[in-house]
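J.: Please see the structure below; I have some questions.
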Amino acid sequence: MSTQLGTLADLPARYVEDLASLSVVPLWPSLRAVLPYGIPSRSTVPFAWRYADIRDHLMRAGELTPIEKAERRVLVLSNPGLGLERMMATPSIYLGLQLILPGETAPNHRHSPSAVRFVVEGTGGFTSVDGEKCPMEKGDLILTPSGLWHEHGHEGSGPVVWLDALDLPLVYAMEASYCIEGEKQSIRNAADRSQTTYRRAGLVPYASLNRKRADYPLIRFPWREVRQNLLDLATAVGPGEPVHLAYVNPETGQECLPILGFSAQMIRAGEEVAPPRRSASSVLHVIEGRGVSEIDGTTLAWSEGDTIAVPTHATVRHRAEGGAPAFVFHVDDAPLQRKIGIYEEF
Ligand code: GTQ
Numbered sequence: 001m002s003t004q005l006g007t008l009a010d011l012p013a014r015y016v017e018d019l020a021s022l023s024v025v026p027l028w029p030s031l032r033a034v035l036p037y038g039i040p041s042r043s044t045v046p047f048a049w050r051y052a053d054i055r056d057h058l059m060r061a062g063e064l065t066p067i068e069k070a071e072r073r074v075l076v077l078s079n080p081g082l083g084l085e086r087m088m089a090t091p092s093i094y095l096g097l098q099l100i101l102p103g104e105t106a107p108n109h110r111h112s113p114s115a116v117r118f119v120v121e122g123t124g125g126f127t128s129v130d131g132e133k134c135p136m137e138k139g140d141l142i143l144t145p146s147g148l149w150h151e152h153g154h155e156g157s158g159p160v161v162w163l164d165a166l167d168l169p170l171v172y173a174m175e176a177s178y179c180i181e182g183e184k185q186s187i188r189n190a191a192d193r194s195q196t197t198y199r200r201a202g203l204v205p206y207a208s209l210n211r212k213r214a215d216y217p218l219i220r221f222p223w224r225e226v227r228q229n230l231l232d233l234a235t236a237v238g239p240g241e242p243v244h245l246a247y248v249n250p251e252t253g254q255e256c257l258p259i260l261g262f263s264a265q266m267i268r269a270g271e272e273v274a275p276p277r278r279s280a281s282s283v284l285h286v287i288e289g290r291g292v293s294e295i296d297g298t299t300l301a302w303s304e305g306d307t308i309a310v311p312t313h314a315t316v317r318h319r320a321e322g323g324a325p326a327f328v329f330h331v332d333d334a335p336l337q338r339k340i341g342i343y344e345e346f
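Per the working numbering, residue 1 is the first one in the sequence shown, and the count goes up by one each step.
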């Protein structure tokens, strides 16, 4: 039974001041704000960052700011509903578009937040993670988990751009976000483990059966293989069933990072998908194709390179247009929500 709760104005001003002087506040005037009925109150707005609008400005950053003055040359995708200065795409997801130019190095460091890179354009870029050099081709997903050394470089020509996704907003909110600078890594002279140790789903090193599962066995997920897997999956699932693959730790089968989750979806040509309402917030990045999304009544058109914010509990539909399938990459905070027991689908 919902009743009208008392407000601050109902209380003697002197009483409220006396409480404040003790660093104490009454709950009931604020109770509905923090525990609203039925659905959380959300400041995050459905929003599309269009790559075509941002790209020129990112290239201009390359002219204006040398890498030494930036460390990471990034334009941050900030949700306008949350306040631009807070650098949140959603309450849990930080997103940035990072530019690296030929010959540049974004120096070695490690930090408490976990990050991933999703390559948007260019060839010749690489990220080294604890001595493992990962080539970055368009659409590749590269993990740089909490505490692991990582540096970026570019041995090709032309700009290389990727989308950074970090759990920074949560780690920062916990006052637990910090970074350590490092010396240049010594790189192992071997192909990254996506090309050697974890070649196929269902096959893991024999010795891994006898030890605690590795936290981060696979760092690079090549898009070439994910895309082919989506096309193959589309031939096996019924019409209308989602063609959607989760990126997981190949040794545990669980999500590959503790807080944020990653997945790739193919939306068939002309198809409209309407996933259930979910308690997780998410972002969607368009790898290939174009289409339209309706998110909580806001219609957003998208094409290759665009990135879209989806608030928690949102009602969502996506449609691929233009007579071709669309391939989209998703980031969400479902792994953390599952761990703390609050993940729901409606
Ligand atoms: O490349 O390590 O967008 O440390 C923000 C913080 C990228 C990175 C960001 C970072 C990085």
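Every residue, glycine too, gets a C-beta built ideally from N, C-alpha and C.
1. Specify whether the stretch 57-70 and the stretch 330-344 touch according to this definition: at least 3 beta carbon pairs, one from each stretch, less than 8 Å apart.
2. Using the beta-carbon count (16 or more within 10 Å), is W49 buried or exposed?
3. The ligand GTQ and A89: does the residue's C-beta get closer than 7 Å to at least one heavy atom of that ligand?
4. State the Cα-Cα distance for the pair P29 and S41, rounded to the nearest angstrom.
5. Any heavy atom of the ligand GTQ closer than 7 Å to the Cβ of R73?
6. Among G202, A320, L170, A280, which one has its Cα closest to the Cα of M88?
7. Roughly how many angstroms lie between the CA atoms of P36 and E345, to the nearest whole one?
8. Grab me the residues of Y247's own chain with a C-beta within less than 7 Å of its C-beta, minus the 5 sequence neighbours each way, in chain order.
9. Decide if M174 is buried, meaning its Cβ has at least 16 other Cβ atoms within 10 Å, or exposed.
10. In angstroms, rounded to a whole number, what distance separates the CA positions of L95 and L163?
11. Taking P335 as part of the alpha helix (DSSP H), name the residues at either end of that continuous run.
12. Evaluate contact between the stretch 298-308 and the stretch 123-139, counting only Cβ atoms and requiring at least three cross-stretch pairs below 8 Å.
13. Taking 7 Å as the cut-off, does the CB of H111 come closer than this to any heavy atom belonging to the ligand GTQ?
14. Flag D164 as yes when its Cβ comes closer than 7 Å to any non-hydrogen atom of the ligand GTQ, and as no otherwise.
15. Apart from the five residues on each side of it in sequence, which residues of its chain come closer than 6 Å, Cβ to Cβ, to T123?
16. If we ignore side chains and look at the alpha-carbon of each, how far apart do V74 and R55 end up?
17. Quick one, which of M266, T105, E251 has its alpha-carbon nearest W223's?
18. Any heavy atom of the ligand GTQ closer than 7 Å to the CB of H152?
19. Classify D53 as buried or exposed, calling it buried when 16 or more other Cβ atoms lie within 10 Å of its own Cβ.
20. Measure the C-alpha to C-alpha separation of G38 and S279 and round it to an integer number of angstroms.
21. Excluding the 5 residues preceding and the 5 following A61 in the sequence, name in chain order all residues of the same chain whose CB lies nearer than 7 Å to its CB.
22. For A20, count neighbouring Cβ atoms within 10 angstroms of its own Cβ and tell me buried if that reaches 16, exposed if not.
23. Kindly indicate which three-state DSSP category Q265 falls into: helix, strand or coil?
24. Is the separation between the beta-carbon of P113 and that of S146 shorter than 8 Å?
25. Identify which residue in S128, F327, H111, G323 has its Cα closest to the Cα of A176.
T.: Here's the rundown:
1. no
2. buried
3. no
4. 16 Å
5. no
6. L170
7. 18 Å
8. L141, F221, C256, F262, S263
9. exposed
10. 7 Å
11. 334-339
12. no
13. yes
14. yes
15. G156
16. 11 Å
17. M266
18. yes
19. exposed
20. 12 Å
21. R73, L75, L99
22. exposed
23. strand
24. yes
25. H111
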